[in-house]
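Trainee: Okay, here's the structure, questions in a sec.
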Amino acid sequence: MASHRHSGPSSYRVGTMAEKLDCHYCRDSLQGKKYVQKDGHHCCLKCFDKFCANTCVECRKPIGADSKEVHYKNRYWHDTCFRCAKCLRSLANETFVAKDNKILCNKCTTREDSPKCKGCFKPIVAGDQNVEYKGTVWHKDCFTCSNCKQVIGTGSFFPKGEDFYCVTCHEAKFAKHCVKCNKAITSGGITYQDQPWHAECFVCVTCSKKLAGQRFTAVEDQYYCVDCYKNFVAKKCAGCKNPITGFGKGSSVVAYEGQSWHDYCFHCKKCSMNLANKRFVFHQEQVYCPDCAKKL
691 MASHRHSGPS SYRVGTMAEK LDCHYCRDSL QGKKYVQKDG HHCCLKCFDK
741 FCANTCVECR KPIGADSKEV HYKNRYWHDT CFRCAKCLRS LANETFVAKD
791 NKILCNKCTT REDSPKCKGC FKPIVAGDQN VEYKGTVWHK DCFTCSNCKQ
841 VIGTGSFFPK GEDFYCVTCH EAKFAKHCVK CNKAITSGGI TYQDQPWHAE
891 CFVCVTCSKK LAGQRFTAVE DQYYCVDCYK NFVAKKCAGC KNPITGFGKG
941 SSVVAYEGQS WHDYCFHCKK CSMNLANKRF VFHQEQVYCP DCAKKL
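Per the numbering used here, residue 691 is the first one in the sequence shown, and the count goes up by one each step.
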């Protein structure tokens with residue numbers, strides 16, 4: 691594609707014959723008549739149109755000797771037929787652009803080369819406000835929410851397949867809602883036991899410390915950080931009197947008669963033998979191995 695001016699005049703000359711010459715084709719006398727001289731021959735206007743004239747690529751009729759001719763790259767037009775293929779504006783005295791075998795004015799060339807709006811399919815020309823996403827372009831006012839049809843323009847949006855949603859519609863249709871506050875989770879959410887939470891909502895029920903990424907304990911749908919669980923919830927070991935948390939050493943627990951022990955604290959009162967997973971005797975709130983119990 692390139693911009694051009696029209697080529698110069700055609701390679702023949704029109705005049706009135708003063709000499710006694712005959713038409714090269716029909717042999718009629720040309721004296722006193724208009725004639726055309728081309729390629730060294732003289733002919734009448736009728737024979738010129740029949741044998742010599744170029745054919746207009748637009749109307750497919752001969753371009754007579756009395757007509758104004760425009761030619762470009764071995765193609766010929768009547769000057770009145772040389773028009774923009776889009777807007778039909780006459781280009782006989784204008785610059786033009788040849789593109790894909792079509793003749794266009796400069797204005798239509800600009801529109802032809804402009805990207806097309808995905809919404810209205812019209813060109814987006816210089817000066818138009820537009821939105822571009824992954825190689826596709828819209829006029830700003832054509833970029834709308836697929837659900838509520840309100841203009842998104844240059845605001846925030848969420849893509850979903852071929853559709854686009856404003857923040858409000860996306861939250862209503864797709865976002866998970868926090869089990870504590872029931873508000874949409876747009877970012878930074880966490881999941882525990884298949885239930886969604888805002889990170890700021892998933893906190894210790896006692897001290898409100900955020901539990902995301904931290905060790906915690908769940909008791910009857912209540913969540914505790916390690917410290918609060920130790921201090922306020924965990925049972926105390928009947929042996930060492932420290933909380934039984936289930937964390938780290940001594941995660942196994944021995945329970946009997948309403949009391950609990952770390953497994954490493956469950957030993958004979960007399961000989962200190964560890965009795966976890968072994969037979970034992972419980973006497974006056976104390977634990978004994980069978981041998982020591984016989985000596986009581």
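Glycine residues also receive a C-beta, built at the ideal position from the N, C-alpha and C atoms. Note that the structure is predicted; figures quoted are calculated from it, not measured.
Could you tell me which residues DSSP puts in a beta bridge with Thr834?
Mentor: Bridge partners of Thr834: Val841.
Trainee: Counting pairs of beta carbons, one from the region 784 to 792 and one from the region 806 to 821, are three or more of them closer than 8 Å?
Mentor: Short answer: they don't touch.
Trainee: What three-state label does DSSP hand Asp917 in the structure shown?
Mentor: Correct three-state label for Asp917: helix.
Trainee: Are Ala865 and Ile875 closer than 9 Å when you measure CB to CB?
Mentor: Their beta carbons are under 9 Å apart, which means Ala865 touches Ile875 by this criterion.
Trainee: For Asp1005 and Cys807, I'd like the C-alpha separation in whole angstroms.
Mentor: This structure gives no information on residue 1005, because the portion of the chain shown stretches from 691 to 986.
Trainee: Using three-state DSSP, classify Val895 as helix, strand or coil.
Mentor: Note: Val895 maps to coil in three-state DSSP.
Trainee: Determine the contact status of Cys868 and Pro886, defining contact as a CB-CB distance below 9 Å.
Mentor: Cβ distance < 9 Å, so Cys868 and Pro886 count as in contact.
Trainee: Which term fits Arg717, buried or exposed, when burial requires 16 or more other beta carbons within 10 angstroms of its beta carbon?
Mentor: Arg717 should be labelled exposed.
Trainee: What do you get for Phe738, buried or exposed, if any count of 16 or more other CB atoms within 10 angstroms of its CB means buried?
Mentor: With 16 or more Cβ atoms within 10 Å of its Cβ, Phe738 is classed as buried.
Trainee: Does the distance from the CB of Cys955 to the CB of Cys927 come in under 9 Å?
Mentor: The answer is yes: Cβ separation under 9 Å.
Trainee: Where does Cys871 land, buried or exposed, given buried means 16+ other C-beta within 10 angstroms?
Mentor: Exposed: under 16 other Cβ atoms inside 10 Å.
Trainee: Given Leu711, which residues of its chain have a CB within under 6 Å of its CB, disregarding the five upstream and five downstream residues?
Mentor: Cβ within range, chain order: Leu720, His732.
Trainee: Considering only C-alpha positions, which residue in the set Lys723, Ser877, Cys958 is nearest to Lys968?
Mentor: Taking only the C-alpha atoms, the option nearest Lys968 is Cys958.
Trainee: Can you check DSSP and say which residues form a bridge with Val821?
Mentor: Trp828, per the DSSP bridge assignment.
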